[in-house]
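Residue numbers (the numbering used here), protein chains in the order written: chain S, 1407 to 1616; chain U, 61 to 141. Yeah, the Cβ is synthetic: ideal placement off N, Cα and C, and Gly gets one too. Have a look at the structure below before the remarks.
Given below as structure tokens:
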């Protein structure tokens, strides 16, 4: 579920949970499960670790619910707890990968020139029924430096807005925009040549998806 | 002032998000009318963004939600009434 959350409904849920209707927490957290897991996947890069960290995060959210002040969206607050959990685990394991050092310098060099094409035939979403296409898209994200991966994950995959992404990652809105721009440029460059094969063949416009 | 391709590429992400001013948008639109390279770069970038928004690209592991709520249930019992 990616729809915008209603802060009043959330506040009411939280009030009732804290007053003893614990079971409501299951419903409150459900819309946050996906972004929590994939943010942790982006940080930890391992499915088992990300799942374990996601469980730990959700338990922490539950136990600390009384600390939520409603100054941000609930999901934003939940994601910042997930990020702390992920980063804490990285530090503890001392397995911080080299690309995490990127976080220190925003203005690092790099070539963000797009793949040059003279025409583009759109790859329709129906093409995702082919498992290889989804795999190609996942691989491309996996190849991004972490600071870009986290941003593209929250903005383009979980469709969060710039403000919420900035708050969840603890960075400025300007940094979200710069990183997203670079991530998209890197993705376009690596994907454009590979995606061409997934576009519908010419002359079969009406037969697509049947 | 006519803008060049490199200038367009710098703003492509903001353009897709509707986050450029009216003046710059008009310049970019004018450039796109005659530049097939920038049009293709824009279309392919936008296509990539649209594909990533599809839930089928990233799916939660099978049983993820059940295990998560199971764990939560245990914590709720442990933390008293």
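- If you draw a straight line from the Cα of residue 1425/S to the Cα of residue 1573/S, it comes to about 28 angstroms.
- At least one CB atom of chain U sits nearer than 7 angstroms to the CB of residue 1525/S.
- In the three-state scheme derived from DSSP, where H, G and I count as helix and E and B as strand, residue 1547/S is classed as helix.
- Rounded to whole angstroms, the separation of the alpha carbons of residue 1441/S and residue 1457/S is 12 angstroms.
- The Cβ atoms of residue 1476/S and residue 1446/S lie no closer than 7 angstroms to each other.
- For residue 1487/S, the enclosing alpha helix (DSSP H) has its first and last residue at 1480 to 1499.
- Apart from the 5 residues on each side of it in sequence, residue 1597/S sits with its Cβ closer than 6 angstroms to the Cβ of 1546 in its chain, given in chain order.
- In summary, residue 1415/S is exposed, with fewer than 16 beta-carbon neighbours lying within 10 Å of its beta-carbon over all protein chains present.
- Contact note: residue 108/U reaches chain S through 1529, 1543, 1546, 1562, 1590, 1593, 1594, 1597, 1598, 1601, using a C-beta cutoff of 9 angstroms and chain order.
- Neighbours of residue 1480/S across chain U, judged by C-beta separation under 8 angstroms, do not exist; the nearest C-beta is about 16 angstroms away.
- Within the same chain, and ignoring the five residues on either side of residue 1593/S in sequence, the residues whose Cβ sits closer than 8 angstroms to its Cβ are 1546, 1547, 1550, 1558.
- Contact annotation: residue 1595/S and residue 1520/S have beta-carbon atoms nearer than 7 angstroms.
- Your pair residue 88/U and residue 68/U checks out as a contact, with CB atoms roughly 6 angstroms apart and the cut at 8 angstroms.
- For residue 1420/S, the closest alpha carbon among the candidates 1469/S, 1582/S, 1489/S, 1538/S is that of 1469/S.
- Taken in chain order, the complete beta strand (DSSP E) segments of 3 or more residues contained in the region 77 to 115 of chain U number zero; there are none.
- The beta carbons of residue 1541/S and residue 1604/S sit no closer together than 7 angstroms.
- A residue is called buried once 16 or more other Cβ atoms fall within 10 Å of its Cβ, and residue 1429/S, having fewer, is exposed.
- Put simply, the region 112 to 123 of chain U does not touch the region 82 to 99 of chain U. Fewer than three CB pairs are less than 8 angstroms apart.
- Between residue 1606/S and chain U, the shortest Cβ-Cβ separation is not below 7 angstroms.
- Going by beta carbons, residue 73/U and residue 1587/S fall inside the 7 angstroms limit.
- Counting every other CB atom within 10 Å of its CB across the protein chains shown gives residue 1479/S a total of 16 or more, marking it as buried.
- Shown here, residue 135/U sits in a helix according to DSSP, grouped into three states.
- According to the DSSP assignment, residue 1449/S belongs to the alpha helix (DSSP H) that extends over 1439 to 1450.
- Taking a 10 Å sphere around the C-beta of residue 1418/S, we find fewer than 16 other C-beta atoms and assign the residue as exposed.
- Distance from the CA of residue 80/U to the CA of residue 1460/S, rounded to the nearest whole angstrom, comes to 37 angstroms.
- DSSP, read as helix, strand or coil, puts residue 1579/S in helix.
- Cβ-Cβ separation between residue 1466/S and residue 1449/S: approximately 16 angstroms, too far for a contact (criterion under 8 angstroms).
- Excluding residues up to 5 positions away in sequence, 1448, 1547, 1548, 1589 lie with their Cβ nearer than 8 angstroms to the Cβ of residue 1555/S in the same chain.
- Judged by DSSP in its simplified three-state form, residue 117/U adopts coil rather than helix or strand.
- In this structure, residue 1463/S lies away from residue 1570/S, with their beta-carbon atoms at least 7 angstroms apart.
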